[in-house]
Every structure is written in structure tokens, then in C-alpha cells.
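Notes to accompany the following structure.
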Amino acid sequence: MDISFQLVQIVFIQFAAAGLGLVGVIHIVRLAQQRQADRMRRTYELFFPSTMGHEQVLAFIRSLSGLPKPKFMQPIYAVSFERYADEAGERYFLHTPGRIAARLDELFYEHIEGAMELLDDDDDPVATTTWQAATELAMGGGMTALTKSLRILDVQGTSHSMNAQFKSMNPGEATVLQWCIFPDRARAATDGDKDFLADHTFSAIARLGAAGEYAQGMVKDLSSVFKSVEAPGARFQRRLMPNVGERINLRASTAGFPILINAKEFSALCGWPLNGSGSRRAKRIAPTIVHDSQGIVIGTSNTPKLQNRRVAIPEQALTVHSWLLGPSGTGKSTLLHNMATQIIDHNMGLVLIEPKGDLARDILKTMPLHRIHDLIWLDPLDLERPIGLNVLAGDDPERVTSHVIGMFKNLSGDTWSAQLQRVLRNAVMTAALNGLTLYDVKQLLVNKDYRNGQVRRLNRNIHPDIIQEWRWLDDKADMTVDSAVNRLDAFLGSRMIRNIVSQKDGLNFDEIVRKRKILLVPLSEAHMGQTNASALGQLIFDMVWDATLRRPAEHREPNVMMVDEFQMFCEMMNTTKADPFALARSYGLGLMVANQYADQLPKAVQQTLSKNAQSQIVFRLANEDAKSMQQTFAPMSHEDLSNLPRYTVAAKLMSSTGNAPVVTLKTPPAPKVTGAASEAVAYSRKTYGRPVMEVEADLLTRHKAPETKARPSIGRLE
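Just so we're aligned, residue 33 is where the sequence shown starts under the working numbering, counting upward by one.
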């Protein structure tokens, strides 16, 4: 008997050990699975409508009961609700498993009509703050207390008490309320309080954290809100857990969920605003079958059901022009960068004019490898190998002269006069007829020998009026010529500009347009000055336009001219320059312009863009622009247009079948760097640039006589 009993004991101990080992293995496996699932989680910032009330919040919470419930040997897909505040204000976050994020977004939009925006890791204060005081709450009183109701007589009153704990943070202070919840299993009414179990229930953890000099007191004050809703048999107590601050950072969903709470109770204690204090976000509009998905991609739908649906402008539709409008910091430059890179990759021609240089350099970094020999990098700051730009070249001297005079007129502002225009026009026309450059115009006025030689070259039978003008100038005071020279010096006084516009053999714009080259022009107004940058940009615009007009019908493949900060260049246009927007389509040139505010543009240009830009894209607008644009972007209201999130647009696009209805889109991130920038720039400089010593030596050779202070005899051929 003794031996048999010992054998039974041994067998029992072995089975017990095996059972404990199995439990340990199961625990380790579940812990590993949970940590793996937690690594796939995402954090979203929440934006509530100002009209949000308790019924909407309650409906959303109840809808979460349909989310996945825990299963044996499977991870728990808990959702974290977070309310955070620091000296900058309050923010709300939702931390969710990736596999249910789209479903949550759909439910949030359906019930709350709010917006969820994916949060960057470096903008996640809950995860990065060191919580100096933190506590984790459990429900005290044992298992029977789990199904007891809390005493929440006034949901709004409890919400107001919670709100007070997140106001008026001092510098260095922060506080957070974090709930981790998942749907509870179905329970019978006999399991506890019938009123409690009549609503949807959730297993939960509540964590409170604070940072700052008075962190302990802040956590205690926040805990008092929970104490205020306790009832007999249902009370909160501090859970003895180490490193609670780190558990807040990690949104940990391990070590159990010691609170059972129903939907109504959670709606009062989750920390969401129920008093109309939410920040409005724009409505979201899904794409339709009319919207193209192939072409130059603008973005993807930001509606829950169609998040991966791309929306694009067909290549051919770019020729009916595009207007992008939105203040700095909304994502406009990133979208321009993306569209430019796609245009280049699709083997289309592109001319970019922009006044800062940042956009051009960003495009350069993402230059597709197969197009590096098509690049012309016209950088005025390249003082070693300047690229020539003969603005007087062309087969129509009258038109060229009109462009140049228009530019100088705008440079002069109120000081412009009829006599100044007469002098400059005659000099510019002479230079254009004789195949000279803009720098030579100055020499015609100040260099006697050079001027006489050039006047002799004019055909007296064809241009007697120009020769007569030179003779007329001889009888005028020096001030008449000096005024014209001063206007020229304002532009040509800069060495970097002079070495560009003084070269006779400059860029061939007919070839640029015909061969669909990529001309990037970073006009750094910080180095050139805003006036000179605007003037040079306008001259390039004119040269591209003239080359476009010269193209025969059989060679009108699509080219795109992209102009950022368009207000700097449209002001340089004279009244005839609205023509490109009305005529460019038939010549194969698409104009894509961008600026920050509509009132930066003259009314005539605004009207031209509104009528002729068939694709209009707006980011978050200033209030006045939102009001003026709401009719164009209906059904978006002006409140919607004023509350578009960053990198989100409302777009009214031309499609392959006609004008498509308004759609809202999330714009893509910047393209990836290709590493081709250095090779592309080196090729451009070698092919199109010229050593500066040669450029300046050529000027000395062309203008042998020195400039004189006294005005020489003008018009007398000696």
C-alpha cells in the first residue's frame, strides 16, 4: 500500500508540474502574441464637431461592442481613449490595432461626424512625456463589484468635472487620462445589476498621469472625479502596478483589465467634450466613378470606405490649367513637388518658376533617373557657369520689346512716364532688331561709338522712325537718358543677372518646348531681391509663352508651366497677359499656378483663373477665401474649407470625361530621393552653362569704348 500510495503521489506531482508548465507556456505565448499585436498599433488624433453631444458619443461607444472580442490563445485588440493637456491646450487621441483602424474611422465619422488623423511618431506627447506621477485604477470589492452600477446621475455634470482637470496648464505641466477598453463577453441578467448589464459592457483599464512640479496633486485631483461617481459596492481603488508611467507611454494592454464599465458610464468618464467645445473638421466627400485614378495623382480618398482610392488628373487635362490655393504650412508645396515629379516621370515637359528655391531643389532631389539629361538647372546663384538668357531673342522684335517694356513699367511703379517709355522702347527695339541683349540696351544709351555702329545697321527704309527717335534724343537733356539708364541699372546692376541676360547665345526656348525639356528656375528672392526675382521670372514666362505660340500644330505635345507664389509674377503682367490662360490649351501648354490667398491676385487675374483653370485645388483656406470659394466647392461650406486638416484638399478636377464633382483627398507624402541630383546638375552646367570669365570678357570685347559720365551726342552719325 505504501509503495502504491507513493506511486500515486509521484504521478500526481508529475501531472501537476505538467499542468503548471502548460499554463506557463500558454502565458508566454499569449504575452508574445500581445506584444506583437501592440507593435502593429496606430495612434490617431481626434477632432470633434462643435455640435457633438452626449447622444452621439454614447452611440459611438455602443457601436464598439461589435469589435473583435478576446479569444483563446489570441491577442486582445484593445482601443485606447486618451485626453491630454499641456500649456498649449488639449488634444484627444485614439490608439488602435491596425486591423480595426479603418472600421473605427468609419464608425467615428458615422456617429460623431469628426475626423481621425494619423499621428506622426514624433508628435505623440502621450508616448514621449515622462510621467512623474501616475496611477492605474481597478474596481475594488471583488468580482461582485464588477457588475455594480456607478452613481452617475448627471452625465453632463460629470463631464464638466472632468473638463476642469485639463484646463490652465502651466509651462512644463501635462496631464493625461488613458482608458484601454475592449468589448466584454455577453452576460446573463443574473450575473449582476440588471440596469448595469442592460447596456453594452466593456473590460477596461484606467490610467492617470501627470508631469510638472505638482504632478502628484494633479493626479489626485483627477482621481477625485472617479471618487465622485462611486456607489455602494462599486468603488475605484489604486492598482498596485510598477512603472505605470511607462505603461501609459506604451498603452500597455497586458496584466489584465480590472474594470467592467457599461457604455453610459464610459461616455461620462472617457474625457470627451460634451459641451460643444470640440474643434470643427471639414466634411469628407468620396470620389465617384467620374474621377480618374490614372494620370497625375493628387491624393487618395479620406473617406473611411475608400481610403485607398486614388484620384488623378489625366495628363491631357493639365492643359486646361490648374490653380492651387492655400496658406503656408498646409501642404501645398509638398503636393506641387509630387505633381512635378510625376509630370517629369511621365516624360512631359516642365518649366518651374518659384521665388524661394526650396521647391526646385526638392524636385531636383527626386529627379527620375531616365530624365537627368533633359534637365536645365537655371540657377542665378551659379556665379561660375551662368546659363545665358537672351530675352531679346525671337522672331518678333515688336512683341519682345512689349514684354521688356511691360516689365520695366512694373518695376518703376508710379515713377513711370511717357517720355521714359519712349526712350526705353526705342533702345530696346534697336537692340532686338540687331540681335543684341538686354545689357546692350544700356550700352546704346551710354556708349557713343557702340551706339553709332548699331544705329548704322538699321535699315533706313524699314525703320526710319527708330533712327528719327535717336536724333530726337540728341536735343533732350541728360536727365531723359539718365532716367532710362537708372531703370536698366536697377535690374542689370546685379552681377548674377547681368551675366545671365548679357549672353547672346542663351537658352533656345523653341527647343525646350519642342523637346519637352525640364527647366527648373529657383529664383532666390533672399539673394536676388524680390523685384529682380519677379522681373526675371516674368521674362522667362514670356519667353516660354512666345516659344509655345511658335509651335506648329503637329508639334504641340503637352508641356506644363508651374509657377509657385504666382502673385509675385502675375503683377508683372500687362493687360494682355491674361491671354495665356484663355489660349494655352490649343497650343499644348498647361499652366499650373499656386499662391496663398486669393486677394494677392488682381481681380482680373482672379476672374481669369476662376473661369479658365478647370482643376482647382484648395487647402485649408483663410476665412475670406473660404467664403468666396464655397460656391465653387459646394457642397463644402465655408466652415468646411476653413477647417481642412493639413495635407488634405478639396478638389474640383477636370477628368477624362469632363468636370468632376468636388472631392476631398489626403495628399501623398513627398517622393523618394533618387540620388540623381548631382549628375543632373553637372550635366546641365556643362551643356548649357558658360565660364563666367568668358562671359565677362565677351562684354569687354563687344563694348570697346568706356562708359562716359557726360551724355554723348545721340542720333548724330559721325
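Here a beta-carbon is modelled for each residue, glycine too, at the ideal position from N, C-alpha and C.
All of these numbers come straight from a predicted model, not from anything done at the bench.
DSSP state of residue i mapped onto helix, strand, coil
{"i": "Phe234", "result": "strand"}
{"i": "Thr607", "result": "At Thr607, the pLDDT of 40 sits below 50, so the modelled position is not reliable and the matter cannot be decided from this model."}
{"i": "Tyr715", "result": "helix"}
{"i": "Trp163", "result": "coil"}
{"i": "Ala266", "result": "strand"}
{"i": "Met33", "result": "Low per-residue confidence applies at Met33: pLDDT is 47, beneath 50, and the placement is therefore not dependable, though the value from the model is reported in the following sentence. It is coil, neither helix nor strand."}
{"i": "Pro554", "result": "strand"}
{"i": "Asp542", "result": "helix"}
{"i": "Cys602", "result": "helix"}
{"i": "Gln570", "result": "helix"}
{"i": "Asn25", "result": "There is no way to answer for residue 25, as the model of the chain reaches only from 33 to 750."}
{"i": "Val727", "result": "helix"}
{"i": "Leu150", "result": "strand"}
{"i": "Leu749", "result": "Because the pLDDT at Leu749 is just 46, under 50, the model does not fix this residue reliably, and the point stays unresolved."}
{"i": "Asn644", "result": "helix"}
{"i": "Tyr720", "result": "helix"}
{"i": "Phe258", "result": "helix"}
{"i": "Thr680", "result": "strand"}
{"i": "Ile317", "result": "coil"}
{"i": "Arg734", "result": "helix"}
{"i": "Ala284", "result": "coil"}
{"i": "Ser181", "result": "coil"}
{"i": "Trp504", "result": "helix"}
{"i": "Tyr246", "result": "coil"}
Residue i burial status per 10 Å Cβ neighbour count (16 or more: buried)
{"i": "Leu732", "result": "exposed"}
{"i": "Ala585", "result": "exposed"}
{"i": "Thr72", "result": "Looking at the sequence shown, residue 72 is not Thr but Met. Per the 10 Å Cβ criterion, exposed."}
{"i": "Pro81", "result": "buried"}
{"i": "Gln475", "result": "buried"}
{"i": "Thr608", "result": "Caution applies to Thr608, whose pLDDT of 45 falls short of 50 and renders its modelled position unreliable; the model cannot decide the point."}
{"i": "Thr362", "result": "buried"}
{"i": "Asp446", "result": "exposed"}
{"i": "Gly721", "result": "buried"}
{"i": "His559", "result": "exposed"}
{"i": "Gly303", "result": "buried"}
{"i": "Glu501", "result": "buried"}
{"i": "Asn531", "result": "buried"}
{"i": "Lys493", "result": "Note on residue identity: the sequence assigns Asn, not Lys, to residue 493. So Asn493 counts as exposed."}
{"i": "Thr699", "result": "buried"}
{"i": "Thr233", "result": "buried"}
{"i": "Leu185", "result": "exposed"}
Reference residue i, options the options, closest by Cα
{"i": "Val553", "options": "Arg492, Thr664, Ile419", "result": "Ile419"}
{"i": "Ser325", "options": "Ile317, Arg316, Arg341, Pro336", "result": "Arg341"}
{"i": "Leu415", "options": "Ala318, Met528, Leu505, Lys364", "result": "Met528"}
{"i": "Val695", "options": "Ala314, Met273, Pro305, Gly389", "result": "Ala314"}
{"i": "Ser235", "options": "Thr179, Met273, Val208", "result": "Thr179"}
{"i": "Arg123", "options": "Ala170, Lys199, Ile93", "result": "Lys199"}
{"i": "Thr706", "options": "Ala196, Val111, Ile395", "result": "Ile395"}
{"i": "Tyr629", "options": "Leu581, Arg431, Leu356", "result": "Leu356"}
{"i": "Leu697", "options": "Ser333, Leu229, Pro429", "result": "Ser333"}
{"i": "Val337", "options": "Pro319, Phe601, Glu728", "result": "A small fix is needed here, since residue 337 is Lys in this sequence, not Val. The shortest C-alpha separation from Lys337 is found at Pro319."}
{"i": "Phe598", "options": "Ala614, Gly620, Leu633", "result": "Leu633"}
{"i": "Asp253", "options": "Arg431, Pro215, Ala196", "result": "Ala196"}
First and last residue of the uninterrupted beta strand (DSSP E) at residue i
{"i": "Ile141", "result": "Per the sequence presented here, residue 141 reads as Tyr, with Ile not at that position. Not the beta strand (DSSP E): Tyr141 falls in the alpha helix (DSSP H), residues 133-143."}
{"i": "Ser647", "result": "647-650"}
{"i": "His127", "result": "121-129"}
{"i": "Ile345", "result": "342-345"}
{"i": "Gln662", "result": "Where Gln662 is concerned, there is no enclosing beta strand (DSSP E), given that its DSSP letter is neither H nor E."}
{"i": "Gln210", "result": "206-215"}
{"i": "Leu355", "result": "Leu is not the amino acid found at residue 355; the sequence shown has Trp there. Segment 354-357, the beta strand (DSSP E) holding Trp355."}
{"i": "Phe80", "result": "Element bounds for Phe80: n/a, residue is neither H nor E."}
{"i": "Glu114", "result": "111-118"}
Residue span of the alpha helix (DSSP H) that contains residue i, given as start and end
{"i": "Gly381", "result": "Taken as a continuous stretch (DSSP letters only), Gly381 belongs to no alpha helix (DSSP H), being part of the beta strand (DSSP E) at 381-386."}
{"i": "Met273", "result": "No alpha helix (DSSP H) holds Met273; DSSP gives it neither H nor E."}
Cβ contact check for the region 325-338 and the region 118-133: 3 or more pairs under 8 Å: The answer is no - the region 118-133 does not touch the region 325-338, with fewer than three Cβ pairs under 8 Å.
Evaluate the contact criterion for the region 378-396 versus the region 577-592: three or more CB pairs, one atom per stretch, below 8 Å. The answer is yes - the region 577-592 touches the region 378-396, with three or more Cβ pairs under 8 Å.
Can at least three beta-carbon pairs, one atom from the region 439-447 and one from the region 564-572, be found at a separation below 8 Å? Counting C-beta pairs closer than 8 Å gives three or more between the region 439-447 and the region 564-572, which meets the contact rule.
Counting pairs of beta carbons, one from the region 621-629 and one from the region 407-426, are three or more of them closer than 8 Å? Contact between the region 621-629 and the region 407-426 is absent, because fewer than three Cβ pairs lie under 8 Å.
With a threshold of 8 Å, are at least 3 pairs of Cβ atoms found where one atom belongs to the region 88-98 and the other to the region 291-306? The region 88-98 vs the region 291-306: in contact.
Is the region 385-402 close to the region 532-548, with three or more CB pairs under 8 Å? Judged by Cβ distances under 8 Å, the region 385-402 makes no contact with the region 532-548, as fewer than three pairs qualify.
Is it a yes or a no for the region 237-253 touching the region 205-213, going by three-plus beta-carbon pairs under 8 Å? With the cut-off at 8 Å, the region 237-253 and the region 205-213 touch.
Contact between the region 158-173 and the region 136-146 is defined here as three or more beta-carbon pairs at a separation below 8 Å; is this criterion met? Segments in contact, no.
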